[in-house]
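Convert by adding 2 to the 1-based position in the sequence shown; the result is the number in this note's numbering.
Notes follow once the structure below has been shown.
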Amino acid sequence: MFGSNGKKNEKPELVLKDALNHKKLPILTLDGQWYELFLHLEKTSRLSQLEEKLNDQLKQQGKLVNDMKDMKKLKQKLMNGIVENMEEHPQQSNRLRIKKQETSQRLILDINGKMENSKEELMEIPYQMRDTNADLAEESIRIMYKKMRENQDQIQKADQWISEYEKKLRIKQQKRKEAEDQNQALYSYLHKLLGSQMMEQLDRHFGE
Numbered sequence: 003m004f005g006s007n008g009k010k011n012e013k014p015e016l017v018l019k020d021a022l023n024h025k026k027l028p029i030l031t032l033d034g035q036w037y038e039l040f041l042h043l044e045k046t047s048r049l050s051q052l053e054e055k056l057n058d059q060l061k062q063q064g065k066l067v068n069d070m071k072d073m074k075k076l077k078q079k080l081m082n083g084i085v086e087n088m089e090e091h092p093q094q095s096n097r098l099r100i101k102k103q104e105t106s107q108r109l110i111l112d113i114n115g116k117m118e119n120s121k122e123e124l125m126e127i128p129y130q131m132r133d134t135n136a137d138l139a140e141e142s143i144r145i146m147y148k149k150m151r152e153n154q155d156q157i158q159k160a161d162q163w164i165s166e167y168e169k170k171l172r173i174k175q176q177k178r179k180e181a182e183d184q185n186q187a188l189y190s191y192l193h194k195l196l197g198s199q200m201m202e203q204l205d206r207h208f209g210e
C-alpha cells in the first residue's frame with residue numbers, strides 16, 4: 003500500500019518538494035487538523051524546528067503589519083504638527099518654530115525609511131513562509147507515511163491473529179455442537195427407552 007522498499011519511494015521524494023511549492027497549501031501551524039494529528043505523532047527534530055520557524059515568521063509578519071500602522075499614525079501626527087507650526091505663534095520665537103519643523107521633517111524622513119524597509123520585508127515574508135511551509139509539509143508527509151506503514155504492519159499482525167483465532171473458534175464451535183448433538187441423541191434415546199418417570203430419577207441421581 004505504501005511501498006515495500008526504499009528504491010520505490012525515492013522517485014516521489016524527488017518531485018515532492020517541487021510539487022508542494024506549486025500547490026496552494028494552508029499554513030500548517032494554523033491548521034487545526036494538522037495540529038490535532040501531530041498531538042498523537044512523534045515529531046522529528048526537523049519538524050519541530052520548521053514548526054518554530056514558521057510560527058516565528060507569522061509573528062514577524064504580524065509585528066511588521068502593526069509597526070506599519072503605528073508608523074503611519076506617527077507620520078500623520080508629525081505632518082499635522084508641521085502644518086500647525088507653520089502658523090505664527092506669538093509665544094514662540096521664529097527660531098524655535100524652525101527647529102521644530104526641522105526635527106519633525108527629520109523624523110518623517112526616518113519613518114519613511116523604516117516604512118520602506120518594512121514594506122520590502124512584508125513583500126518578502128510570504129515567499130519565505132511558503133518555502134518553510136512546504137518544507138514542513140514535506141517533513142509531515144514523511145512522518146505520516148512512516149506512521150501509516152507502522153500501522154499497516156500492526157493491522158496485518160492483528161488480521162493474522164484474528165484469522166488464527168477465528169479458525170480455532172470454528173473448531174471449538176464444531177466440537178461444542180458435536181457434543182451438544184451427542185448429548186441430545188443420548189438423552190433422547192434413554193428417554194425413549196426408560197420413560198419420563200425413570201429419567202427424572204436418573205437425572206436426580208446422575209445430575210450435578
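Think of the CB as a built atom: it goes at the ideal place given N, C-alpha and C, for glycine as much as any other residue.
Assign residue i to one of two classes, buried (16 or more other C-beta atoms within 10 Å of its C-beta) or exposed (fewer than that).
{"i": "residue 31", "result": "buried"}
{"i": "residue 141", "result": "buried"}
{"i": "residue 136", "result": "buried"}
{"i": "residue 59", "result": "buried"}
{"i": "residue 196", "result": "exposed"}
{"i": "residue 27", "result": "exposed"}
{"i": "residue 56", "result": "buried"}
Check each candidate in the options and name the one with the smallest Cα separation from residue i.
{"i": "residue 113", "options": "129, 137, 81", "result": "81"}
{"i": "residue 134", "options": "98, 34, 177, 52", "result": "52"}
{"i": "residue 79", "options": "104, 110, 101", "result": "110"}
{"i": "residue 61", "options": "35, 131, 34", "result": "131"}
{"i": "residue 118", "options": "162, 71, 97, 164", "result": "71"}
{"i": "residue 48", "options": "66, 67, 145, 170", "result": "145"}
{"i": "residue 149", "options": "44, 85, 121", "result": "44"}
{"i": "residue 84", "options": "46, 75, 105", "result": "105"}
{"i": "residue 66", "options": "103, 35, 199, 120", "result": "120"}
Is residue i helix, strand or coil when you go by DSSP?
{"i": "residue 29", "result": "coil"}
{"i": "residue 24", "result": "coil"}
{"i": "residue 207", "result": "helix"}
{"i": "residue 105", "result": "helix"}
{"i": "residue 170", "result": "helix"}
{"i": "residue 41", "result": "coil"}
{"i": "residue 10", "result": "Per-residue confidence for residue 10 stands at a pLDDT of 48, beneath the threshold of 50, marking its modelled position as unreliable; no derived number is given."}
{"i": "residue 134", "result": "helix"}
{"i": "residue 197", "result": "coil"}
Leaving out five residues on either side along the sequence, give the residues of the same chain with a beta carbon under 7 Å from the beta carbon of residue i.
{"i": "residue 116", "result": "73"}
{"i": "residue 22", "result": "136, 139, 140"}
Cutting at 6 Å between CB atoms, please list the residues of its own chain near residue i, excluding the five before and the five after it.
{"i": "residue 19", "result": "140"}
Report all residues from its chain with a CB closer than 8 Å to the CB of residue i; omit the five preceding and five following residues, and keep chain order.
{"i": "residue 168", "result": "none"}
{"i": "residue 206", "result": "none"}
{"i": "residue 204", "result": "192, 196"}
{"i": "residue 143", "result": "18"}
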